[in-house]
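Be aware that the sequence shown starts at 4, since it is given in our numbering, and climbs by one per residue. This report concerns only the one structure given below.
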Amino acid sequence: MHVSYPNRGLAKILATLLILGLLTAACAQATATPEEVVVPPPGEPVATTAPEPVSELDALIAAAQAEGTVTTIALPHDWCNYEAVFTGFKAKYGIEVNELDPGAGSAEELEAIRANQGNPGPQAPDVIDVGLAFGPTAKDEGLIQPYKVATWDDIPDDAKDPDGYWYGDYYGVLSLSVNTAEVANIPAEYADLLKPEYAGQIALSGDPLTSNAAILTVWAAGLATGATGAEAAQAGLEFFKSLNEAGNFVPIDGDSRTVGIGETPILIDWSYNSILNDVNLAGNPDLETVVPAAGRLAGVYVQAISAYAPHPNAAKLWMEYLYSDEGQLNWASGFCYPIRFNAMSAAGTIPAEMLAQLPSTEGAYFPSIDEINAAKAVIVEGWPTVVGVEVLPIP
Numbered sequence: 004m005h006v007s008y009p010n011r012g013l014a015k016i017l018a019t020l021l022i023l024g025l026l027t028a029a030c031a032q033a034t035a036t037p038e039e040v041v042v043p044p045p046g047e048p049v050a051t052t053a054p055e056p057v058s059e060l061d062a063l064i065a066a067a068q069a070e071g072t073v074t075t076i077a078l079p080h081d082w083c084n085y086e087a088v089f090t091g092f093k094a095k096y097g098i099e100v101n102e103l104d105p106g107a108g109s110a111e112e113l114e115a116i117r118a119n120q121g122n123p124g125p126q127a128p129d130v131i132d133v134g135l136a137f138g139p140t141a142k143d144e145g146l147i148q149p150y151k152v153a154t155w156d157d158i159p160d161d162a163k164d165p166d167g168y169w170y171g172d173y174y175g176v177l178s179l180s181v182n183t184a185e186v187a188n189i190p191a192e193y194a195d196l197l198k199p200e201y202a203g204q205i206a207l208s209g210d211p212l213t214s215n216a217a218i219l220t221v222w223a224a225g226l227a228t229g230a231t232g233a234e235a236a237q238a239g240l241e242f243f244k245s246l247n248e249a250g251n252f253v254p255i256d257g258d259s260r261t262v263g264i265g266e267t268p269i270l271i272d273w274s275y276n277s278i279l280n281d282v283n284l285a286g287n288p289d290l291e292t293v294v295p296a297a298g299r300l301a302g303v304y305v306q307a308i309s310a311y312a313p314h315p316n317a318a319k320l321w322m323e324y325l326y327s328d329e330g331q332l333n334w335a336s337g338f339c340y341p342i343r344f345n346a347m348s349a350a351g352t353i354p355a356e357m358l359a360q361l362p363s364t365e366g367a368y369f370p371s372i373d374e375i376n377a378a379k380a381v382i383v384e385g386w387p388t389v390v391g392v393e394v395l396p397i398p
C-alpha cells in the first residue's frame, strides 16, 4: 500500500523532533537518582528521602517554645481550677507562665493592655480572660487580635466573635458562698441579706467599677426584686445602698481566704468558685453554696489575645491548650461548665463523675451582650453616687 506525504519537509522535521525527544529521555534517565528509578517489588511502599511535613500545630509549638513564656493576668489559681490549667500547660509544652495581678478585674485587664502598648517586658499581658461584655469593647478599641483555635466550631456562635477576636471559655451562675462556722442561718435569697443578723458579713467578689463578677452581682440583686433590664441595674444599686446603710456590707474585694477566716463569711461569687473553695478547705470550715432562685443569673467569660502581645505564638498555643479536651476538662474539674460542653458531652469526652459534680444552671438567665452593657453602664456610673462606698482590694 502506497502512502503519499503531502509535505516531505514536514516529515523530516517530525523525524528530527522524535530523535531529539529520545535523546532527551535517555539523558534524563542517565542523570536520575537511584531513588527515582528503582521500582520496589509489588506491595512494598516507595522509598523517599523527602522530610516529613511539619504540621501547623508543630510549627506553633516550636515558635512558642522559642519565645519561652506566656504572660497572663487576673487568674487566681482557685478560680475555675486555673491551678490545674497552669500545671498542665507547663508540663505539656515546657513554657513558663508569668502571672500578673491575679486579683484584677476585667476592666483592669484591658487597662493593662492599654498601658503596655509596645512594651515587650513582663508587665505586658499576652492573653486576657474577661467578662462577656468586655470582649467587644476590647475589639472596638483595637486591643486584641483575632485567632481561631482548632476546636473553633465547637464554640457556640452566640459566645464568640465571628472573626475570632474573642471567644467564650466557661460559664456558671452567681451564688452565695457561706461559711457555716460563722453563719448560723444560711441565707437563701438576696433579700435575706438585708436582715440584721448578717451585719458586717457580706462582700462582693470584685469592685463594681471594674469587675465583671461584681457588676453582674449588683444586677442580679436588682433582678431579684422583679425589675428588668436597666431598671434592674438601678434596683441593684439601691439594694446595695440599703445593704451598706444597714452595716451588712463589707467593702472589700473578697475571696476564698476572707470567707475561710470569717472576715467576709458571706461572699457573693460564682458557684464554681464557691464549690472549689469548699473542696480545698476540706471542712475547715465548711462552705455552703446557695444559688438564689430570684435573680438567678449566669455569666460567660471570654478569652482573647492582646494585639500587642510580646509572645504572640505562646499566646496562641495557650489558647489551643485551653480549648483542647485537656484544657476544657481542667476547667470542668473546677466545677465550671467549659464552653465546649455540648460538643464534648455529645462525643462522650467528659467523664461521668465529672459531669455529675457540675453545679446545676437550671433556671438561670443568660443575658445578651447588649443587656450586660446596658446594665454595666448604669452600675459603673451610679455606684459612686448611689452606694457611695469604695470597694478596696484585700491588703
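Beta carbons: idealized from backbone N, C-alpha and C, even for Gly.
Flag this pair as yes or no: are the beta carbons of residue i and residue j separated by less than 7 Å?
| i | j | result |
| --- | --- | --- |
| Gly239 | Ala224 | yes |
| Leu246 | Ala235 | no |
| Ile271 | Leu219 | no |
| Ile147 | Ala115 | no |
| Ala162 | Gly171 | yes |
| Tyr173 | Pro341 | yes |
| Asp3 | His314 | The shown model of the chain, from 4 to 398, leaves out residue 3, and the question about it has no answer. |
| Pro149 | Gly167 | yes |
| Glu185 | Pro295 | no |
| Leu177 | Leu300 | yes |
| Val88 | Asn333 | yes |
| Asn251 | Ile205 | yes |
| Ala377 | Ala233 | yes |
| Val303 | Leu179 | no |
| Ile382 | Val221 | yes |
The alpha helix (DSSP H) with residue i in it runs from where to where?
| i | result |
| --- | --- |
| Leu63 | 59 to 70 |
| Ser180 | Looking at the DSSP string, Ser180 is not in any alpha helix (DSSP H); the run it does join, the beta strand (DSSP E), is 170 to 182. |
| Glu112 | 109 to 118 |
| Glu248 | 232 to 248 |
| Asn280 | 274 to 284 |
| Val293 | Note, Val293: premise wrong, no alpha helix (DSSP H); beta strand (DSSP E) at 290 to 293. |
| Ser259 | 259 to 263 |
| Gln306 | From DSSP, Gln306 is part of no alpha helix (DSSP H) but of the beta strand (DSSP E) over 301 to 309. |
| Ile382 | 372 to 385 |
So, is residue i buried or exposed, given that buried needs 16 or more other C-beta atoms within 10 angstroms?
| i | result |
| --- | --- |
| Val57 | exposed |
| Pro211 | buried |
| Glu39 | Residue placement at Glu39 is poorly supported in this model, since its pLDDT is 38, which falls under 50; the coordinates still yield a value, given next. Burial call: exposed. |
| Gly263 | buried |
| Gln120 | exposed |
| Leu25 | Note that Leu25 scores 32 on pLDDT, short of 50, meaning its location in the model is unreliable; the coordinates nonetheless yield the value given after this. The residue is exposed, with fewer than 16 neighbouring Cβ atoms inside 10 Å. |
| Pro165 | exposed |
| Glu384 | exposed |
| Asp256 | buried |
| Val49 | Residue placement at Val49 is poorly supported in this model, since its pLDDT is 44, which falls under 50; the coordinates still yield a value, given next. Exposed: under 16 other Cβ atoms inside 10 Å. |
| Ala154 | Sequence check: residue 154 is Thr here, not Ala. With 16 or more other Cβ atoms within 10 Å, it is buried. |
| Leu395 | exposed |
| Asn84 | buried |
| Ala118 | exposed |
Express the C-alpha separation of residue j and residue i in angstroms, rounding to a whole number.
| i | j | result |
| --- | --- | --- |
| Glu59 | Glu323 | 12 Å |
| Gln126 | Pro199 | 44 Å |
| Ile397 | Pro79 | 14 Å |
| Asp328 | Met347 | 8 Å |
| Ser214 | Glu70 | 31 Å |
| Asp156 | Ala317 | 22 Å |
| Gln331 | Gly209 | 25 Å |
| Pro370 | Glu393 | 27 Å |
| Leu197 | Ala187 | 15 Å |
| Ala297 | Thr228 | 8 Å |
| Gln306 | Trp169 | 6 Å |
| Val282 | Gly91 | 20 Å |
| Trp321 | Ile372 | 25 Å |
| Ala285 | Asp143 | 44 Å |
| Trp386 | Phe243 | 9 Å |
| Ala335 | Ala107 | 23 Å |
| Val152 | Glu99 | 21 Å |
| Ala390 | Asp81 | At residue 390 the sequence reads Val, which differs from the Ala that was named. Going from the Cα of Val390 to the Cα of Asp81 covers about 29 Å. |
| Val181 | Pro268 | 6 Å |
| Glu374 | Asp61 | 41 Å |
| Pro429 | Glu86 | Because the chain is modelled from 4 through 398, residue 429 falls outside the range shown and cannot be assessed. |
| Ala380 | Gln237 | 10 Å |
What are the boundary residues of the beta strand (DSSP E) that includes residue i?
| i | result |
| --- | --- |
| Leu197 | Here Leu197 belongs to no beta strand (DSSP E), and DSSP marks it neither H nor E. |
| Gln204 | That residue, Gln204, is in no beta strand (DSSP E); it is neither H nor E in DSSP. |
| Leu103 | 99 to 103 |
| Glu365 | From DSSP, Glu365 is part of no beta strand (DSSP E); its letter is neither H nor E. |
| Ala217 | Here Ala217 belongs to no beta strand (DSSP E); instead the alpha helix (DSSP H) covers 215 to 226. |
| Val394 | Val394 -> no beta strand (DSSP E), and no H or E assigned at all. |
| Pro79 | Here Pro79 belongs to no beta strand (DSSP E), and DSSP marks it neither H nor E. |
| Pro254 | 252 to 256 |
| Asp132 | 130 to 134 |
Is the closest heavy atom of the ligand MG to the C-beta of residue i under 6 Å?
| i | result |
| --- | --- |
| Leu103 | Ligands are entirely absent from the displayed structure, and the ligand MG is therefore not among its contents. |
Segment contact, 8 Å Cβ cut-off, at least three pairs: the region 85 to 97 with the region 134 to 141: no
Taking 8 Å as the threshold, find out whether the region 357 to 366 comes into contact with the region 331 to 346 through three or more Cβ pairs. yes
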